[in-house]
Structures are given as C-alpha cells and as structure tokens.
Amino acid sequence: MGKRKAVARCIGCLFTFCMLISFVIGCSQSATPSKPPEATGPKAEGAPQAGGTITLGLSAEPDTLDVHKTNMDVSGVVSRLIGGSLLSLDPQTNEIKPYLAESYNISADQKTWTFKIRPGVKFHDGTALTAASFKETFERAMAPETASPGVGPLLSVIASITTPDELTLVIQLKEPSAPLLSYFVQANVTQPLSMEAVQKYGNEYGRHPVGVGPWKFESWKTGESITLVRNEAYQWAEPFVQTQGPPMPDKIVFKFIKDAQTTIAALESGSIDIASISPREAAGYKQSDKFAVLEATKLGVNFIQMNLENPILGDLRVRQALNMALNKKAIIQADLQGEGESAFGPLPRKMFGYDPAVETYGYPFNIEEAKKLLEEAGWKESGQGIREKDGQPLSLQLLTAMSSQSIPLMQSMFKEIGVEIKVQNAELGSVLDLSAKGQFDLNVLGYTDFDPDILYLFMHSSQIGGLNHAQIKNEQLDTLLEQSRTVGDQEKRKQIFAEIQKIAVEQAYWIPYSEEKTFLAVNKRVHGVKLDSLYGIMLGDSWVQP
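Counted the way mature numbering (1 follows the signal peptide of the UniProt record, and there is no 0) counts, the sequence shown spans residues -30 to -1, 1 to 516.
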C-alpha cells in the first residue's frame, strides 16, 4: 500500500501509510473502494506474455529504500514491489486475507496476536522467511538507534515479540490497538527485511534492499533511475492477484523526472510508459489512441501546516484568518480542473471516522472576517498592502515541493488580507527534513491513508520531530489520539475521532483545502496495470505487448 507518508505527497503516503503527495506515480489507500480497479490496455491479442520492461516516472527521487528510515511516498511506491506483508486487503471486497501469514488469531483481550508464517517463502538473497524474520525486523524498526520516523511509532504499541517455533510469531501488545492490523497489510511499511542483508550493508541497506516480493532490486543510478528485476522464485502472490507465479515483465524501471512538462514529453516519446498526469492532461489523454487513462479518488487531504512555534502563527486568530482567506473552490478549479472537493478538516469524506459536521463548523471562505481577525490580533493595514504590527510586516515563508498553479494562487489570496507569502521551493526530501526540524513557517503537504490513525503521526506531541511539523502540543488532543488507538468499539472510536477533528479545526492547526483524484496515463502496449484507492498503482498482473 501506499504509504501514509507526508509529501508534497505525497501522499503519499506517505509516511506511506502516510503517503505524501508529490510523486508522479500516486500511492493512495482506501478502506472502502468504490469499485474494483480496472486493468488498462486494449483487448489483448493472445494470452499474457513474459518479457519486456515497464518504465514509470517518479516526480522525486527516494531518499532511501529502507522502509524504516523514510517518510517519502515515492520510496514506498518502489519498496512495496520489493517486499510483502503479513496480511493483505482485497481491494474488491475490503476483506483482510492471509499473505505471508497463512493464518492469524487475536486473543479475547486483543493484546496477544499470533501469526502462522507461510512456509517455503524466501528472501531475494535465498535466506528463508521465518517468524524470526518478522521479529527481528519489527524490533529493528522500534529500536531507538534506528530512529524510524514512520514505522517505529506505528509499532510502539508492541510490548514484546516471541517465536515459539520457526513459523509462529506471537506479538504481545501493551494495550489493544485498533489500527495495528491495518499496518500489517502494508508491504511498504511492515515488510520483513533480510537481516543478513541489513548486517551486510549496514547504513547502506537502503541502497541495497532485500525483500520477498515479486521484484528484486537491481540498481540505483543516483539522479536517474532505480531498476528492479523479476523474482523468478516468486510463488506467493497476494490472493487477489491472478498471476500467482513470477510476474510477467523482465524489469520495472523508475525514472526520476521532476518537471511535469518533461514527464509529458517522456510519455509522448515512449521513454516512459506510465506516469501520473494532471486532471487537465487527463482530459486530452482520454482521447488518445496510444494511452489509457486510469483514475482513482485519493483517500486523503491536501493541506497547509502552520508552525505554532512561530510567534505570528502562535496566535489562533492569525491561523483562523489564514483559513478563511483561502478560496478552496478556486484552487480546486485552477489546479485540479474541478476534479476534487473542498476539505474542511483533517480527514477525507470517505475515511472511517469522518465527521460530516466539520463542513458546518469548518472555516468558510470569508475575506472580511479574515481581515477582522487580523485587526483584532493587532495586525494593521500599512498602506503598502502588507499588514504590520509594531513595525514588523506580516510576512511568512511557504515551504513546498510543488510546482502547481495553486501556489501563486494561494499567495494572491493571502495577500488580499494583507499577508505576504514568500515561497521557498525545495526537493521533497528537504521539505520533510526542514519541516521535521521546525525550520519553516508554512508548508504545503498532503497524505493518503485508509485509517484515521494517521492523525496520531501528524498531531500527537510525541511526534514533534517526526510528522508533527506544526509542533502541536495539546494534552486533550494527545489523550483522544491515544484513546483512539486502544478502543475496541468502532462506534466509540468514531466518536473519539469526531472530537479530534473538532479540536484540530477549532485550533486551526492546519489549512485543509482539497480532496482530489489521481490520474495515471498508461501506454497501451502495457496491459493489466490497475490503479486503486488502496494500493495505488498495481503491477501484479501487468505484461508488455511485444
């Protein structure tokens, strides 16, 4: 699954559970797929054939392929193909099914989880997958010295892990955990690592990943591409994949293309087969004889985070004013060709726990009220278009990895209420690093995920230095986020998330502005590619027409 990663998101994921939204290949997740993903390509002439290479465009280069040490969704897009997970979630039925664990059991008190590991599975280096593989992998993710920004916090509810025999994994929890099962279906989050490879490569493991998935890592050309090759030994595909043996294509190549125009040129020239495209571009590609267009609704939200440690943004009235200054419908129309919906809170409409009431108490577009709030906060009109207070201009820096039309549009909207926005463009990795260090005023991010627990990573005070870029410290919010992880009653959990959303919106920690669709252009020589709200791009049944 796509990581819920925080990105200019990518998503995305995300972290991949949190997928941040800035890659060319989207990676989103959904707990309630609206329809089965559809395969691309013209009607195939004959049966699927082995061979060929599929080349995809990524709008950012991964920082690492070590799933324990990244918060980039693009990393998750690649690592998901290299690894596997204990369980899988069928995108058509929404059922959790066995995968690398052939069965599992959760005790009555929900604190002891027992998994029977599938026999006969091997890592790409030939070592056997055992219960100990998962034990050592999870312990590495949780170890302080690993300093895992994403996976570690997700597994922090684990008290101990034991392996009574080679294929039995017993996980003892500190307390019941509602979201934990969802993490065990995400190969880009909880995939087992070859500990022999981890020991062999040390800090360089992220450039030499070894998993159990359908694709093996072959090479990484810095600044250019990552190449994966078919795992000929692969006989343990997820149950919803038709190709249960090795995948058909010989290779998968990810090319790093940061510029949207260059991406389109690469599609047209045939140097890449698949790439994310904008809604505007999708309209044209739908008329093409050469490409198929896939679309899916991202289960996530695009938003602006505000650094509460900045004295200006520490004032609630300023944060509320910035929320009211943003014309969300105009941004969606300009940037997404109307292919999206306004977001008023931190959760998307189709996610479990979403509270429809947020649309009534969320901040409406109201320029005059925004100006009034700034006046109350002491920011007076200067006659120069930018407000001042005690001789200081109301100027903020916006950190982003995006190059879309929405950024200058946001600038002009904020300027209308007297706020100067200086845009700082950076690589996605730098955006995440600077944000984690608190070295920003505003940042533009997004996520995709299928469980509202993603808000724990973004808003719990323990995650400052991680994804809690806003530096949120709210004891009531912390308590609710903690309760949401342990309550077993789903209705009660839904009520807790309603309270969480209300606090987050009333305190104006974010400026949520849109939920969007993702579009994928696929060269029709490539068959069987699917795009899903849960898994993002799916290549399990893909093949190349000779």
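The beta carbon of each residue, even a glycine, is placed where N, CA and C say it ideally should be. Owing to the predicted nature of the structure, the values given are computational and were not obtained by experimental measurement.
Of the residues I377, E115, G215, V271, which one's Cα is nearest the Cα of L412?
I377
Touch test, the region 293 to 303 against the region 475 to 495, Cβ-Cβ under 8 Å, three pairs minimum:
yes
Minimum length 4: unbroken alpha helix (DSSP H) runs contained in the region 236 to 272:
Taking only runs of at least 4 residues, the alpha helix (DSSP H) segments lying wholly in the region 236 to 272 are 249 to 255.
Residues near L402 in its chain [Cβ-Cβ closer than 6 Å; skip 5 each side]:
So the list reads N41, once near-sequence residues are dropped.
Among R50, A117, V159, G90, whose alpha-carbon lies nearest the alpha-carbon of G183?
R50
Tell me M321's beta-bridge partners as DSSP assigns them.
None; M321 has no bridge partner.
For M372, which three-state DSSP category applies?
coil
What does A491 pair with, by DSSP beta-bridge criteria?
A245, V263
Bridge partners of S45, per DSSP?
Partner(s): none; S45 has no beta bridge.
Per the contact definition of three or more C-beta pairs closer than 8 Å, is the region 338 to 357 in contact with the region 278 to 291?
yes
Spell out the partners DSSP gives F187 in its beta bridges.
L198
Is the separation between the beta-carbon of G506 and that of M218 shorter than 9 Å?
Judged by beta-carbon spacing, M218 lies beyond the 9 Å limit of G506, meaning their Cβ atoms are not closer than that value.
Inter-residue spacing [alpha-carbon to alpha-carbon] between Q142 and W83:
Straight-line Cα distance between these residues: approximately 6 Å.
Beta strand (DSSP E) runs contained entirely in the region 284 to 358, provided each spans 3 or more residues:
310 to 312
Would you list, in sequence order, the uninterrupted beta strand (DSSP E) runs of no fewer than 3 residues that lie entirely inside the region 151 to 190?
none
Where A101 sits in the DSSP three-state scheme
helix
Do you know whose CA, among K225, T138, L447, G388, lies nearest L70's CA?
T138
Close Cβ partners of H178 (< 6 Å) along its chain, the five nearest in sequence each way excluded
Y171
Residue span of the alpha helix (DSSP H) that contains D448, given as start and end:
445 to 456
Tell me, to the nearest whole angstrom, how far the beta carbon of G27 is from that of A236; I am working on the premise that it is less than 8 Å.
6 Å
Three-state secondary structure (DSSP) of I434
coil
Considering V37, what are the terminal residues of the alpha helix (DSSP H) in which it resides?
Run containing V37: none; DSSP gives neither H nor E here.
Between the region 188 to 199 and the region 214 to 231, can you find at least three pairs of beta-carbon atoms closer than 8 Å?
Cβ pair count under 8 Å is three or more, so yes.
Would you kindly work out how many angstroms separate the C-alpha atoms of P162 and T107, rounded to a whole number?
6 Å
In whole angstroms, what separates the C-alpha of S503 from that of V37?
21 Å
Sorted by chain position, which residues of the same chain lie with C-beta nearer than 8 Å to P18's C-beta, five sequence neighbours on each side aside?
T213, M218, H497, G498, D511, W513
Should A245 and N272 be called a contact, given that it needs their Cβ atoms to be closer than 9 Å?
no
Going by C-alpha distance, which of D459, V91, Y324 is nearest D419?
Y324
Can you grab the Cα-Cα spacing for the pair I302 / G122, in whole Å?
35 Å
Contact set for Q515: own chain, Cβ-Cβ below 7 Å, skip 5 residues either direction
R495, H497
T133 to S432 span [Cα, whole Å]
Looking at the two C-alpha atoms, the distance is approximately 30 Å.
Express the C-alpha separation of A129 and K87 in angstroms, rounding to a whole number.
According to the sequence displayed, residue 87 carries Ile and not Lys. I87 and A129: Cα-Cα distance of roughly 20 Å.
Under the three-state DSSP convention, the category E397 falls into:
coil
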